[in-house]
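Each remark here refers to the structure printed beneath this line.
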Amino acid sequence: MTKGIYRGLVSYGDPEFSRFLRRAFLHASGRSPESLDRPVIGIATSASDYNPCHRQQPELVKSVARGIIAAGGLPMEFPTVSLGESFLEPTSMVYRNLMAMDVEELVRAQPMDGVVLVGGCDKTVPAQLMGALSAGRPAIQLVTGPMSTGRYQGERLGACTDCRRFWASYRAGEVSEEEIGRVERNLATTAGTCAVMGTASTMACIVEALGMALPDSAAAPAVHADRLRIGEATGAAAVSIAVAGRTPDQVVTAASVRNALRVLLAIGGSTNALIHLTAIAGRLGLRIDPDELKELSDTTPVLVELKPTGAHYMEDLHASGGLPAVLHELRDLLDLSALTVTGETLGERLGDGPPWVDRDVVRPMSDPSRDKGGLVWLSGSLAPSGALIKRSAADPELFETTGRAVVFSSLEDLAARIDDPALDVEPSDVLVLQNAGPLGAGMPEAGYLPIPAKLARSGVRDMVRISDARMSGTAYGTIVLHVSPEAALGGPLALVRTGDQIRLSVSEGRLDLLVPPDELDKRRADLPVSAPPMVTGYRKLFRDHVLGADQGCDFDFCLPGS
Ligand code: FES
Ligand code: MG
-16 MTKGIYRGLV SYGDPEFSRF LRRAFLHASG RSPESLDRPV IGIATSASDY NPCHRQQPEL
44 VKSVARGIIA AGGLPMEFPT VSLGESFLEP TSMVYRNLMA MDVEELVRAQ PMDGVVLVGG
104 CDKTVPAQLM GALSAGRPAI QLVTGPMSTG RYQGERLGAC TDCRRFWASY RAGEVSEEEI
164 GRVERNLATT AGTCAVMGTA STMACIVEAL GMALPDSAAA PAVHADRLRI GEATGAAAVS
224 IAVAGRTPDQ VVTAASVRNA LRVLLAIGGS TNALIHLTAI AGRLGLRIDP DELKELSDTT
284 PVLVELKPTG AHYMEDLHAS GGLPAVLHEL RDLLDLSALT VTGETLGERL GDGPPWVDRD
344 VVRPMSDPSR DKGGLVWLSG SLAPSGALIK RSAADPELFE TTGRAVVFSS LEDLAARIDD
404 PALDVEPSDV LVLQNAGPLG AGMPEAGYLP IPAKLARSGV RDMVRISDAR MSGTAYGTIV
464 LHVSPEAALG GPLALVRTGD QIRLSVSEGR LDLLVPPDEL DKRRADLPVS APPMVTGYRK
524 LFRDHVLGAD QGCDFDFCLP GS
């Protein structure tokens, strides 16, 4: 097949005319005719004023283009949907699949021999990978890199674990109105993605662990010169990957997905990343088995001391050997034969490991931060298709709890009553939120239910909280998420009533509703049948086709063979 900008042309019936027409229009771009015969490398960009995390992308994209040209390719930059995590209603989760479709179709439909995917903010990297996997063209991922930390009265601050900490103190009356305003201006102070091990950082590490990005590319800060050097190197690598015809299905395999799960657990990564990794693997028909996850979680120690589980930030990980330091520590647990995008195996990539590692940031296997992985898969009568808890960010004292449910039927109900002084709630109760799953509400990051104001003011900092929602990767607490099937699909979560007893056992991996089956049958029969709201366009597509959290919230028609 011809490479370059003229490949596969039949659109005007007459191939010669198709070439002629495409050439005529390309002359308008001012590129030399000779350059059009080079391997074409698309650069999928996602800069947007609504995405401050990608603020430096134009400069980063320039570095990619330099690398492509130096390696003999022709860079062709094109924009796609961009998703700025904090700006989308009801939640960016609804639009991840829209971006994935956009990327897939533009990579497939436009002439290119390979593509560099430039993303960073939470949903953008999974969307780009999902799209590129389905498009099937040679691809490499480049993340924008994390923010650098800010300073406030001698303390380092980073989005957004510190956002939550200060807000909790403000809710408890310990921080004044004026002070919270000053803090607000110091939480996110540079371009780049959230500075802690939130979803964006977790996905950056996962992409590197999968082998879909260059080694040591996950953690370099967005504003660091290293980030631009990584951009150049990624552009150059894209040309060889395109010439070699190395498609992402050769890199994303059962072995590399298992490696990525190990890394997710060892970095104390975000719960959201499990949904995204499930969706990414699902694009190739690979499934993440709950039993395998349980086995991996019990045998993978947490090694990385980043917020919200530790005290450090992504810039510290970069200065401590980056992800290669983590991979090197984990090497006995990884499949080192997994192929990476540059054509070497993971083992070849790791070599002798980085020359120096700050052991406060990346712990050795012999002295981990925690013995067991950060995420625990739960199942039981309240979650027949599973649920998830991030044990590394939770209070171990609450791991074995039986408590009284205090139920909120929706996000609106939660907002209306959680701070009501008359709310009947005790610190030992279990807060339950219903109807916040993918179908119910687009699965917002509402699973971090606030501690009721009256308890927060008396010093309560954590309670068991359960929902079918997600939680920000930057949050902490004893929070059970992704309960499946979700309440809006009639899962047992919909049947919980205030006063019921719920049992959580992290050691047994169980989540049970202690209500007799005949009572639950009665409640099920009495569930109100409400017509779904009328929606059109993309939101209708979402409502009609979104799968549950246990299937990565992808669309049913995007799975192979669907
Ligand atoms: Fe963009 Fe956190 S808001 S990475
Ligand atoms: Mg986030």
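First residue of the sequence shown? That's -16 in the numbering used here, and the numbers climb one at a time after it.
Think of the CB as a built atom: it goes at the ideal place given N, C-alpha and C, for glycine as much as any other residue.
As the structure is a prediction and not an experimental result, all values here were calculated from the model.
Less than 7 Å between the C-beta atoms of Gly99 and Val23, yes or no? A quick correction: the sequence has Val, not Gly, at residue 99. No, the Cβ-Cβ distance between Val99 and Val23 is not below 7 Å.
Please find out if some non-hydrogen atom of the ligand FES comes closer than 6 Å to the beta-carbon of Ser69. Ser69 Cβ: within cutoff of the ligand FES.
Closer than 6 Å: is that where the CB of Ala552 sits relative to any heavy atom of the ligand FES? This structure gives no information on residue 552, because the portion of the chain shown stretches from -16 to 545.
Terminal residues of the alpha helix (DSSP H) in which Glu298 lies: Note, Glu298: alpha helix (DSSP H), Met297 to His301.
Distance between Glu68 and Met(-16) (C-alpha atoms, nearest Å): Below a pLDDT of 50, predicted positions are generally treated as unreliable, and Met(-16), at 40, falls in that range; the measurement from the model is reported next regardless. The alpha-carbon of Met(-16) is positioned some 40 Å away from that of Glu68.
Sorry if obvious, but does the Cβ on Ala183 come closer than 6 Å to a heavy atom of the ligand FES? Answer for Ala183: yes, Cβ within range of the ligand FES.
7 Å CB neighbourhood of Cys536 in its chain, flanking five on each side removed: Cβ neighbours of Cys536 beyond the five flanking positions: Met76, Ile258, Ala262, Pro421, Met426, Val529 and Leu530.
Could you check whether Gly304 and Pro337 sit closer than 7 Å to each other, using their CB atoms as the reference points? It is a contact, given that the beta carbons lie within the stated cut-off.
Could you tell me if Phe0 is buried or exposed, where buried requires 16 or more neighbouring beta carbons within 10 angstroms of its beta carbon? Around the beta carbon of Phe0, fewer than 16 other beta carbons lie within 10 angstroms, which makes this residue exposed.
How would you label Arg229, buried or exposed, when you count the other beta carbons within 10 angstroms and need 16 or more for buried? Its Cβ being crowded by 16 or more others within 10 Å, Arg229 is buried.
Using the Cα positions of Val415 and Lys373, report the straight-line distance between them to the nearest angstrom. Approximately 17 Å between the Cα atoms of the pair.
In three-state terms, what does DSSP make of Met59? Looking at Met59 - three-state DSSP - the assignment turns out to be strand.
Whole angstroms are fine: how far does the CA of Ser31 sit from the CA of Ile163? Linking Ile163 to Ser31 through their CA atoms gives a straight-line distance of about 28 Å.
Under the assumption that Leu464 contacts Ala370 (Cβ atoms under 8 Å), give the Cβ distance between them as a whole number of angstroms. With 8 Å as the limit, Leu464 and Ala370 qualify as a contact, their Cβ atoms being about 7 Å apart.
At a cut-off of 6 Å, is Cys104 close to the ligand FES when judged by its beta-carbon and the heavy atoms of the ligand? Checking the Cβ of Cys104 against the ligand FES gives yes.
Quick check: Leu300 and Ala249, are their CB atoms within less than 7 Å of each other? The beta carbons of Leu300 and Ala249 sit no closer together than 7 Å.
Quick check: does the Cβ of Cys36 come within less than 6 Å of any heavy atom belonging to the ligand FES? Proximity of the beta carbon of Cys36 to the ligand FES is indicated: a heavy atom of the ligand is located closer than 6 Å.
Does DSSP put Ser1 in a helix, in a strand, or in coil? In the structure shown, the three-state DSSP call for Ser1 is helix.
Endpoints, alpha helix (DSSP H) assigned at Pro509: Inspection of the sequence shows that residue 509 is occupied by Asp rather than by Pro. The continuous alpha helix (DSSP H) containing Asp509 extends over residues Pro500 to Asp509.
Quick check on DSSP: helix, strand or coil for Met(-16)? Note on Met(-16): pLDDT 40, under 50, position unreliable in the model; the coordinate value appears next. Three-state DSSP puts Met(-16) in coil, outside helix and strand.
As assigned by DSSP and simplified to three states, the class of Leu496: Of the three classes helix, strand and coil, the one that applies to Leu496 here is strand, per DSSP.
Coarse secondary structure for Leu140, derived from DSSP in three states: Reduced to three states, the DSSP call for Leu140 is strand.
Indicate whether Val101 and Leu125 have their beta-carbon atoms separated by less than 7 Å. Result yes, Cβ atoms of Val101 and Leu125 sit closer than 7 Å.
Ile401 versus Gly423 - alpha carbon distance: Roughly 20 Å separates the two Cα atoms.
State yes or no: is the C-beta of Cys574 nearer than 6 Å to some heavy atom of the ligand FES? With the chain running from -16 to 545 in the structure shown, residue 574 is simply not present.
In terms of alpha-carbon separation, which member of Gly363, Ala219 and Pro351 lies closest to Ala54? Answer by Cα proximity: Ala219.
Are the CB atoms of Trp339 and Leu273 within a distance shorter than 7 Å? Sequence check: residue 273 is Pro here, not Leu. Not in contact: Pro273 and Trp339 (Cβ atoms no closer than 7 Å).
Please state whether DSSP places Gln534 in a helix, a strand or coil. DSSP places Gln534 in helix when its eight states are reduced to three.
Does the distance from the CB of Leu247 to the CB of Ala256 come in under 7 Å? Yes.
Can you give me the start and stop residues for the alpha helix (DSSP H) that Ser239 sits inside? Element bounds for Ser239: Ala237 to Ala249.
Does the beta-carbon of Cys177, which I'm using as the reference point, lie nearer than 6 Å to any heavy atom of the ligand FES? True, at least one ligand heavy atom lies under 6 Å from that Cβ.
Since Pro435 is in the alpha helix (DSSP H), which residue starts that stretch and which ends it? Segment: none, Pro435 is in no alpha helix (DSSP H) and carries neither H nor E.
Would you kindly work out how many angstroms separate the C-alpha atoms of Val518 and Asp341, rounded to a whole number? For Val518 and Asp341, the gap between their C-alpha atoms comes out near 52 Å.
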